[in-house]
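Some notes on the structure that comes next.
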Amino acid sequence: MDMTLTAKIKIYPTAEQAEVLKATLSAYRQACNAVSVVIFDTKVLAQAKLHDMTYRLLRSNYALRSQMAQSVIKTVIARYRSLKSNGHEWTLVRFKKPEYDLVWNRDYSIVQGLFSVNTLEGRIKVPFEPKGMEQYFDGSWTFGTAKLVYKHNKFFLHIPMTKTIPTVDEHNIRQVVGVDVGVNFLAAAYDSQGKTTFFNGRKIKHMRAKYKRMRKTLQQKGTASARRKLKTIGQRENRWMTDVNHAVTKALVRQYGERTLFVLEDLTGIREKTERVRIHDRYETVSWAFYQFRQMLEYKARLHGSKVMVVAPHYTSLTCPKCGHTEKANRNKRTHTFCCRTCGYTSNDDRIGAMNLQRKGIEYIVEGTTQA
1 MDMTLTAKIK IYPTAEQAEV LKATLSAYRQ ACNAVSVVIF DTKVLAQAKL
51 HDMTYRLLRS NYALRSQMAQ SVIKTVIARY RSLKSNGHEW TLVRFKKPEY
101 DLVWNRDYSI VQGLFSVNTL EGRIKVPFEP KGMEQYFDGS WTFGTAKLVY
151 KHNKFFLHIP MTKTIPTVDE HNIRQVVGVD VGVNFLAAAY DSQGKTTFFN
201 GRKIKHMRAK YKRMRKTLQQ KGTASARRKL KTIGQRENRW MTDVNHAVTK
251 ALVRQYGERT LFVLEDLTGI REKTERVRIH DRYETVSWAF YQFRQMLEYK
301 ARLHGSKVMV VAPHYTSLTC PKCGHTEKAN RNKRTHTFCC RTCGYTSNDD
351 RIGAMNLQRK GIEYIVEGTT QA
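The opening position of the sequence shown corresponds to residue 1 in UniProt numbering, with each subsequent residue numbered one higher.
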């Protein structure tokens with residue numbers, strides 16, 4: 001099965017090269033907006049017709065090279081088709097960000113360990129940071145159409161990379177790990193050896209509360225500068241949250257190794273569960289990027305010869321993993337403890353959730369291998 005990831009690679013142009021890249025990004029954005037006006041007015045989305053209508057304009061008015069002009073037309077068409085497929089009203093699409101789409105082996109390539117990038121002034125070769133990305137440059141990955149991005153005074157290449165990775169068969173699973181995600185513990189993982197690993201989330205919860213207070217203060221001000229600050233804070237919080245998710249999912253995959261089946265609650269169930277919390281805790285809970293966590297664990301598990309499955313979340317924190325008794329009173333949310341009203345088994349409620357998820361994973365493996 002093919003797997004596609006987007007690698008975000010920082011490049012390091014010289015001061016002179018940086019000016020060339022900025023000029024190229026500016027011309028590309030202006031050209032996209034010019035083509036967008038044509039499409040908005042004519043409603044033409046056929047590439048051949050738009051080429052006849054705009055190609056000479058793009059070459060003469062914006063000094064675009066031939067391949068760049070073709071790329072502009074394709075980029076704008078894709079944006080309008082996305083607008084239509086998502087059911088939005090026909091409206092003028094505006095290109096505001098300094099970005100530039102590059103086709104592999106036409107607009108960019110790797111030459112002697114450097115990225116060769118097409119610009120208004122021809123090809124330039126720029127170094128990049130390969131640390132942590134070495135596996136993507138071993139020749140086994142296929143590079144797709146990249147995006148050159150200028151953000152926070154830095155240049156990045158966002159490159160889709162595709163590789164055929166075999167899916168792990170149930171017969172080859174070595175162990176099952178239940179992963180319960182939450183707030184007080186970002187993740188509680190219970191494995192086939194009966195061991196539990198906790199990833200503490202209290203610092204994360206406090207940090208989210210801090211962002212919440214900052215956001216509330218700025219919203220009350222309501223000034224233009226406050227709105228700009230709100231946007232900056234939101235971006236900073238998202239980057240920080242993404243780093244947290246990367247760290248936890250990376251640690252899980254490294255700890256349990258290949259041929260592991262990770263079992264998570266289904267996203268819908270997680271959303272419902274997190275909305276049934278006190279209003280005071282709701283922001284820190286619901287805003288946790290559960291879906292991003294799942295996506296990251298899925299692709300990292302596949303890269304390491306493991307897999308992820310999701311199951312219905314019903315009663316995972318209310319069912320006793322020892323005797324099977326299910327009752328709401330088994331769990332004390334305030335103290336985050338579980339005590340079975342039938343057999344008396346006691347533990348942390350997140351650990352109970354992970355144990356029940358692990359059990360569901362084992363049942364899935366047994367059922368699949370028995371039927372086979």
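Even for Gly, the Cβ is constructed at its ideal location relative to N, Cα and C.
query, result
"Helix, strand or coil at D41 [DSSP, three-state]", "helix"
"Cross-strand partners of Y100 (DSSP beta bridge)", "L148"
"Beta-carbon contacts of V35 that lie in its chain and below 8 angstroms, excluding the five residues immediately before and after", "L50, T54, L58, V72, I73 and V76"
"Cβ-Cβ separation, V176 to K361 (assumed contact under 8 angstroms), whole Å", "Looking at the sequence itself, residue 361 is Gly, so the reference to Lys does not match. Confirmed, Cβ separation roughly 4 angstroms."
"Simplified DSSP state of Q193, which is helix, strand or coil", "coil"
"DSSP beta-bridge partners of S36", "DSSP output for S36 lists no bridge partner at all."
"Presumed contact (8 angstroms Cβ cut-off) between Q193 and V263, rounded CB distance", "Contact doesn't hold; Cβ gap of about 15 angstroms is too wide."
"N238: first and last residue of the uninterrupted alpha helix (DSSP H) it sits in", "A224 to Y256"
"DSSP-derived helix/strand/coil call for I77", "helix"
"C-beta contact flag for G178 and N356 at 8 angstroms", "yes"
"Reference K195; option with closest CA among H88, K210, M3 and S347", "S347"
"Where L58 falls: helix, strand or coil (DSSP)", "helix"
"Distance between beta carbons of E121 and V20, contact taken as under 8 angstroms", "5 angstroms"
"Extent of the continuous alpha helix (DSSP H) run through A301", "F290 to L303"
"Proximity winner among R259, K322 and S317, relative to K307 (alpha-carbon distances)", "R259"
"Contacting residues, own chain, Cβ-Cβ under 6 angstroms from S287 (five flanking each side not counted)", "Its pLDDT being 45, under 50, S287 is placed unreliably by the model, and the measurement read from it follows with that caveat. Excluding positions up to five away in sequence, the list is empty."
"Same chain, Cβ closer than 7 angstroms to T24, neighbours up to 5 away in sequence not counted", "Y100, T119 and L120"
"CB contact flag (residue 373, K210, <8 angstroms)", "In the structure as shown, the chain begins at 1 and stops at 372. Residue 373 is therefore absent and cannot be evaluated."
"Continuous alpha helix (DSSP H) stretch holding I204: start and end", "R202 to K221"
"Range covered by the beta strand (DSSP E) that runs through S116", "L114 to T119"
"Selected residue, minimal CA-CA separation from F155, among P13, T242 and L92", "P13"
"Nearest-angstrom Cβ-Cβ length linking A63 and A27, presumed shorter than 8 angstroms", "6 angstroms"
"Top-ranked residue by Cα proximity to E170, from V244, P160 and L261", "L261"
"Burial state of T319 (16 or more Cβ within 10 Å)", "buried"
"Residues of its chain near R282, where Cβ-Cβ distance is below 6 angstroms and the 5 sequence neighbours each way are ignored", "Low confidence applies to R282: its pLDDT is 48, below 50, so where it sits in the model is not reliable, and the reading given next is rough at best. Cβ neighbours of R282 beyond the five flanking positions: none."
"K10 - partner residues in DSSP beta bridges", "F156"
"Simplified DSSP state of G178, which is helix, strand or coil", "strand"
"Nearest-angstrom beta carbon gap, V311 and E265 [assumed within contact, 8 angstroms]", "7 angstroms"
"Residue environment, K273, which counts as buried when at least 16 other CB atoms sit within 10 Å", "For K273, the predicted structure reports a pLDDT of 47, less than 50, and the residue's modelled location is therefore unreliable. A value from the coordinates is still provided. K273 should be labelled buried."
"Burial state of S317, where buried means 16 or more other Cβ atoms lie within 10 Å", "buried"
"Inter-residue spacing [alpha-carbon to alpha-carbon] between A301 and R254", "9 angstroms"
"G201, buried or exposed, once every other Cβ within 10 Å from all chains shown has been counted against 16", "buried"
"Cut-off 6 angstroms between Cβ atoms - residues of its own chain near H304, not counting five sequence neighbours on either side", "V253 and E258"
"Proximal residues to I124 (C-beta, below 8 angstroms), its chain only, five neighbours per side dropped", "P13, Q17, V20, L21, S116 and V117"
"Own chain residues within Cβ distance below 6 angstroms of C340, not counting five before or after", "C320, H325 and N330"
"Residue from I173, R65 and E327 whose Cα sits closest to the Cα of C343", "E327"
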